[in-house]
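Worksheet for the structure shown next.
Residue numbers (full-length UniProt numbering): 1 to 436.
This is the structure:
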């Protein structure tokens, strides 16, 4: 054992033929700690020790009775460098090992191939790994799954995608989760209706680890084409009983950015601010990512709607975004009729006090540009509060306030509606506004 350790300390410079042969013999020693030390020493020699005999012996060590020897052999196979190890001869040995009767050897071969990287992504290797995906031992299937992921885009074929989809239906949750990660690793290259559908289905799995992997897979697969169905699935995951799933859903929605900035998602993330700290942190980051998108049609309507019925934990966020949502005509022009009607009822709320700083003529302008009568109660409310006068002459509306008169062209229907709106205010307020 001591001799093996001493030889190992020489590193690559000490990797002579005689030394490697001595370690090769030590790999079969009856003492487990000698075998372990031999494994470690071979690992220190790196690619210089990657001969056919040594690799065969390391693969055999994967079935050693000692856990420590098996683990040592695994690590050595993982660290032997690509330059020497990824030769046709070595690949042939590992491919042959994929059919070994010992499951530890089959698993070790998968791991070794995966650590050799994209250089071994040949048709023959991919075929061998696809076969290993159907191995009777779950850890072999898991190893094959991970290795296909390590091979990256070079391994992306219809058969690999098909195998990944099949692995998502595996009875072992670790294999399912790894399959999700593989498909996610391929990103947009693997994006297809079938792939997305299967990953969406994985979000309904009973195992948390599978749902977490599915969240991240969706995030990678749909970077440019997130559909309502995908966003809804992630939104549902925000309420999952599993903490890790809720965190993953927050992260995925945040990374999808503007595509996920719907009213429902914003509300879900604001509600998540009342969850445990890990989820709160994920929700805060997601909200920060979505923030810039809140200047669009859906975002502004969502923020205003949420202001009308704020979820617990959302006060700071809503106050931060109220200016972008409310303090500009361009933003207000995007509000839906149903949101405007709700807003007209809640004008005196603390959330909306800044609206009273917008001049009456600007609200009249919004009314005329949108032709949306839902704005009429707001126009009358602001005009009364600001003691403005509105004069209708022929097809013109003139607004008199603190500034010079503002004039707008206006058709008969809106003129009539405006007069009726002020008539409804008669009796509630007097001598504060005139409409002539």
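Note that CB positions come from ideal geometry on N, CA and C, so glycine has one too.
State the Cα-Cα distance for the pair residue i and residue j, rounded to the nearest angstrom.
i	j	result
residue 237	residue 258	19 Å
residue 6	residue 26	For residue 6, the predicted model reports a pLDDT of 43, less than 50, meaning its position is unreliable; a value from the coordinates is still stated below. Residue 6 and residue 26: Cα-Cα distance of roughly 13 Å.
residue 62	residue 147	17 Å
residue 423	residue 377	11 Å
residue 70	residue 36	8 Å
residue 72	residue 108	11 Å
residue 103	residue 272	44 Å
residue 295	residue 339	Reliability of the predicted coordinates at residue 295 is poor, the pLDDT of 48 falling under 50, and the value obtained from them is presented with this limitation in mind. If you take the alpha carbons of residue 295 and residue 339, they lie about 16 Å apart.
residue 230	residue 346	34 Å
residue 370	residue 197	40 Å
residue 82	residue 64	Residue confidence is low: residue 82 scores 48 on pLDDT, short of 50, so the model does not pin down where it sits. No coordinate-derived value is stated.
residue 348	residue 375	16 Å
residue 31	residue 96	28 Å
residue 417	residue 228	38 Å
residue 437	residue 332	The structure shown does not extend to residue 437, since the chain is modelled only from 1 through 436, so no value can be given for it.
residue 276	residue 206	22 Å
residue 4	residue 179	Note that residue 4 scores a pLDDT of 46, beneath 50, so its modelled location is shaky and nothing firm can be said.
residue 143	residue 183	15 Å
residue 441	residue 130	There is no way to answer for residue 441, as the model of the chain reaches only from 1 to 436.
residue 199	residue 274	28 Å
residue 297	residue 123	Any reading at residue 297 must be qualified, since the residue scores a pLDDT of 49, below 50, and its modelled position is unreliable; no value is offered.
residue 150	residue 239	32 Å
Give me the Cβ distance between residue i and residue j, rounded to the nearest whole Å; I'm assuming they're in contact under 8 Å.
i	j	result
residue 342	residue 306	The pair is not a contact, with the Cβ atoms about 11 Å apart (cut-off 8 Å).
residue 407	residue 398	5 Å
residue 215	residue 248	4 Å
residue 140	residue 173	So it is not a contact: roughly 16 Å between Cβ atoms.
residue 263	residue 301	6 Å
residue 221	residue 195	7 Å
residue 260	residue 290	7 Å
residue 219	residue 256	6 Å
Answer yes or no: do residue i and residue j have a C-beta to C-beta separation smaller than 8 Å?
i	j	result
residue 167	residue 145	yes
residue 373	residue 335	no
residue 128	residue 98	yes
residue 269	residue 286	yes
residue 245	residue 208	yes
residue 125	residue 59	no
residue 74	residue 34	no
residue 89	residue 53	no
residue 56	residue 93	yes
residue 243	residue 278	yes
residue 213	residue 181	yes
residue 202	residue 250	no
Whose C-alpha, out of the options, is nearest the C-alpha of residue i?
i	options	result
residue 363	175, 381 and 269	381
residue 360	347, 352 and 390	390
residue 330	22, 346 and 366	366
residue 420	357, 348, 379 and 385	379
residue 357	137, 136 and 385	385
residue 395	401, 383, 403 and 415	415
residue 114	32, 77 and 101	77
residue 68	137, 39, 142 and 371	39
residue 100	135, 283, 239 and 337	135
residue 308	276, 254, 352 and 228	352
residue 492	123, 171 and 205	Not covered by the structure: residue 492. The range shown for the chain is 1 to 436.
residue 383	400, 239, 200 and 412	400
residue 405	392, 232 and 183	392
residue 368	403, 344 and 413	413
The beta strand (DSSP E) spanning residue i covers which residue range?
i	result
residue 396	396-400
residue 389	389-393
residue 258	Unbroken run through residue 258: none, as it is neither H nor E.
residue 264	Looking at the DSSP string, residue 264 is not in any beta strand (DSSP E); the run it does join, the alpha helix (DSSP H), is 263-272.
residue 409	406-409
Any Cβ of chain B within less than 8 Å of the Cβ of residue i?
i	result
residue 363	Absent here is chain B; the protein component of the structure consists of one chain.
For the alpha helix (DSSP H) that contains residue i, what are its first and last residues?
i	result
residue 352	First-last for residue 352: undefined, no H or E at that position.
residue 93	88-97
residue 437	The shown model of the chain, from 1 to 436, leaves out residue 437, and the question about it has no answer.
residue 124	123-132
residue 149	138-150
residue 54	52-61
residue 117	That residue, residue 117, is in no alpha helix (DSSP H); it is neither H nor E in DSSP.
residue 213	208-221
residue 239	Unbroken run through residue 239: none, as it is neither H nor E.
residue 379	376-386
residue 336	Careful: residue 336 lies outside any alpha helix (DSSP H) and carries neither H nor E.
residue 360	360-370
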